[in-house]
Amino acid sequence: MNKEQRQVPFYKHSIGDLDLNSVLKSPFLTSGPRTREFEECFAKRYGLPFALGFTSWTSAAFLVLKAWGIGEGDEVIVPSMTFIATANVALHCSASVVFCDSDPLTGNLDLNHLKSLISPKTKAVIPVHLYGQMCDMKAIHELTATREIKILEDCAHCVEGTREGYLPGKWSNAACFSFYATKNLTCGEGGAAVTADEDLLKQLKLLRLHGMSTSAADRYEKTYRHWDMEILGYKANMNDLQAALLLQQLPRLESLLERRERHCQLYDRRFEKSGVERPVVLPNSLSARHLYTIWVPPEKRDNLILFLQEKGVGVAVNFRAVHTLTYYRNYLKQVGKKADCPVAERIGSSTITLPLYPDLTSDDINYVCDQVLAGLAEL
Ligand SMILES: *Cc1c(COP(=O)(O)O)cnc(C)c1O
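Okay, so the sequence shown: first residue is 347 according to our numbering, each after it adds one.
Written as C-alpha cells, this is what we have:
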C-alpha cells in the first residue's frame, strides 16, 4: 500500500511571477517611490485621503494608539476572539486591556457587551473584522460618538470586505491592515493604516521614523537640508520591496476573492448537509473570506486537528480566546479583573480553520470535507 496521500497545505500566496529587477535597480531599498505609490493606491481603495505603510499591523496599530496619546490609566476595549496582537498593542502603550465577548452567530464583537464595558476610562475600541466579515461599524460608531472614544479597526482579515456597502475606515478614526505571510494580501511581513485624519497622518509619519522631520527619500532626492528630530519615534516604515509585492496583487484582489468565495460556498454546501456548525456571514455583508472556520464539539477539537494533519490537511486555530492565554490570565489576576467572555471561550475551544486560498481545487476541498466528516464520525 503506497497510495500517495493528498496534501492540502493550509495556505499558499498568490503573488505569482514577479520581476523585482526594476526595484533592485533603484539605489535605496527603503521607503521610496513604490511605497508612496502603494500608499496612494491603498488610500484610494478605501476612498480615504491617507494611507501609510508599516512593517506590520502591530507596528501600525501601536503607533496609532501612541499618536492618540493613549497611555497609563486609559482603557482599550478589544474582543477576546482575536489574535493576541490586538490586545498587546494596548499594553505596549501602558493602557489597560478590557475584553469584550463575541456574537454567537458571527464571532464578531457582541455590541451589548461592548456597551456595558464602556467607562469614563475608555479611550479606544479595536473592533476586529473576524475572518473577513466586518463588525457593525455604524453601531459601534453610535455607541462611542458622544464620548471621546477612538475607534481603530483591526482589518487584518478584511482588505476586501464591505458591510451595507461601506468599507473599512468609513466609521472609524483609523483602520489598520496586516500583510503578514498568510493574509489575503501579503508581502511576508507588512502593514498599513488608512485614515481621513490629517493630524493623525502627520503624527504617524513622525512616529514611524524616529520622529525625523524628513523621510529618507526626501533626504537623498532633494537639495540637502538638515533634518530635525521633533519627537521620540520608532522605526516601522514599509520598504519598496514590500510595496512592490503588494502593488502587484492590488489589481487582482477582487478576482482572488471571487475564487475564495466559490471555495467557501463549496465548503458550506458540504457542511450544511452534514450539520457541521460554522460562523454565519450576514446577508448585509460581503466577507473578505480570509479564513474558513468550523465549530466542532470541544471534546473532539484537538484530536480532529491531529487527525486532519495526519491526512495531509493543513489546519490552524483562529483563535483561542485571548483572555484564556497564560499571560492574560496572569494579567487579569494582577489587575483584579475578570473577562466575562463565555461565547469567545466556546468558539476558542471548538474552532478549526481549514485551508482557504485561491489555488485550492474542488477536489482539495472535497477531500478536506471528507476527512473532517470521517474524523468527526470516528473520534
Ligand atoms: C495577523 C493579525 C494581526 C497582526 O498582524 P501583524 O502584521 O502580524 O502584526 C492582528 N490582528 C489580527 C486579527 C490578525 O489576524
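Cβ atoms here follow ideal geometry from the backbone N, Cα and C, with glycine treated the same way. Bear in mind the structure is a predicted one, so any value in this text is a computation, not a measurement.
Distance, Tyr-703 Cα to Pro-514 Cα: As a first step, residue 514 is located in the sequence shown; it is residue number 168 there, counting from the start. As a first step, residue 703 is located in the sequence shown; it is residue number 357 there, counting from the start. In a straight line, the C-alpha of Pro-514 is about 22 Å away from that of Tyr-703.
Inter-stretch contact (C-beta, 8 Å, three-pair minimum) for the stretch 610-627 and the stretch 670-688: no
Simplified DSSP assignment, three categories, for Phe-653: Here residue 653 corresponds to residue number 307 of the sequence shown, with the count starting at 1. Correct three-state label for Phe-653: helix.
Close Cβ partners of Pro-450 (< 7 Å) along its chain, the five nearest in sequence each way excluded: One-based indexing of the sequence shown puts residue 450 at position 104. Within the same chain, Pro-450 has close Cβ partners Val-689.
Cβ neighbours of Ile-640 in the same chain (closer than 6 Å, five flanking residues each side left out): What you label residue 640 is simply residue 294 of the sequence shown in a count that begins at 1. The residues are Val-622, Arg-624 and Ile-698.
Residue span of the beta strand (DSSP E) that contains Gly-537, given as start and end: Against the sequence shown, residue 537 aligns to sequence position 191. Gly-537 -> beta strand (DSSP E) spans 537-541.
Alpha carbon of Lys-496 to alpha carbon of Ile-416, nearest angstrom: Counted from its first residue, the sequence shown places residue 496 at position 150. Counted from its first residue, the sequence shown places residue 416 at position 70. The alpha-carbon atoms of Lys-496 and Ile-416 are separated by roughly 10 Å.
Closest by C-alpha distance to Ile-711, when choosing among Asn-649, Asn-664, Pro-643 and Arg-616: To locate residue 711, count along the sequence shown from 1; it is residue 365. Ile-711 has its Cα closest to that of Arg-616, out of Asn-649, Asn-664, Pro-643 and Arg-616.
Whole-number beta carbon distance between Ala-538 and Ala-397, since they are thought to touch under 8 Å: Mapped onto the sequence shown, residue 397 falls at position 51. Mapped onto the sequence shown, residue 538 falls at position 192. So it is a contact: roughly 6 Å between Cβ atoms.
Gly-682 (DSSP reduced to helix, strand or coil): Counting from one through the sequence shown, the residue named residue 682 turns up at place 336. The answer is coil: DSSP assigns Gly-682 none of H, G, I, E or B.
C-beta contact flag for Phe-445 and Ala-685 at 8 Å: Position 99 of the sequence shown, counted from the start, is the residue given in the question as residue 445. Position 339 of the sequence shown, counted from the start, is the residue given in the question as residue 685. The answer is yes: Cβ separation under 8 Å.
Arg-605 versus Val-422, Ser-524, Lys-461 and Ser-708, residue with shortest Cα-Cα distance: Numbered from 1 along the sequence shown, position 259 holds the residue referred to as residue 605. It is Ser-708 whose Cα lies nearest to the Cα of Arg-605.
Counted within 10 angstroms of its Cβ, other Cβ atoms place Met-347 as buried (16 or more) or exposed: Working through the sequence shown from its first residue, we reach residue 347 at position 1. Unreliable placement is indicated for Met-347, whose pLDDT of 45 sits below 50; no coordinate value is reported for it.
Separation of Leu-671 from Ser-360, as counted between CA atoms: If you number the sequence shown from 1, residue 360 lands on position 14. If you number the sequence shown from 1, residue 671 lands on position 325. Computed Cα separation, rounded: 33 Å.
Contact test: Ser-426 Cβ vs ligand 1 heavy atom, cutoff 7 Å: On the sequence shown, position 80 is the one that residue 426 refers to. Answer for Ser-426: no, Cβ out of range of ligand 1.
Exposed unless 16 or more other CB atoms sit within 10 angstroms - verdict on Ser-524: Working through the sequence shown from its first residue, we reach residue 524 at position 178. Flag for Ser-524 reads buried.
Contacting residues, own chain, Cβ-Cβ under 8 Å from Lys-467 (five flanking each side not counted): If you number the sequence shown from 1, residue 467 lands on position 121. Hits under 8 Å: Gly-419, Asp-420, Glu-421 and Ser-442.
Whether Val-659 touches Val-714 by CB criterion (8 Å): As a first step, residue 659 must be located in the sequence shown, where it is residue number 313. As a first step, residue 714 must be located in the sequence shown, where it is residue number 368. Contact: yes.
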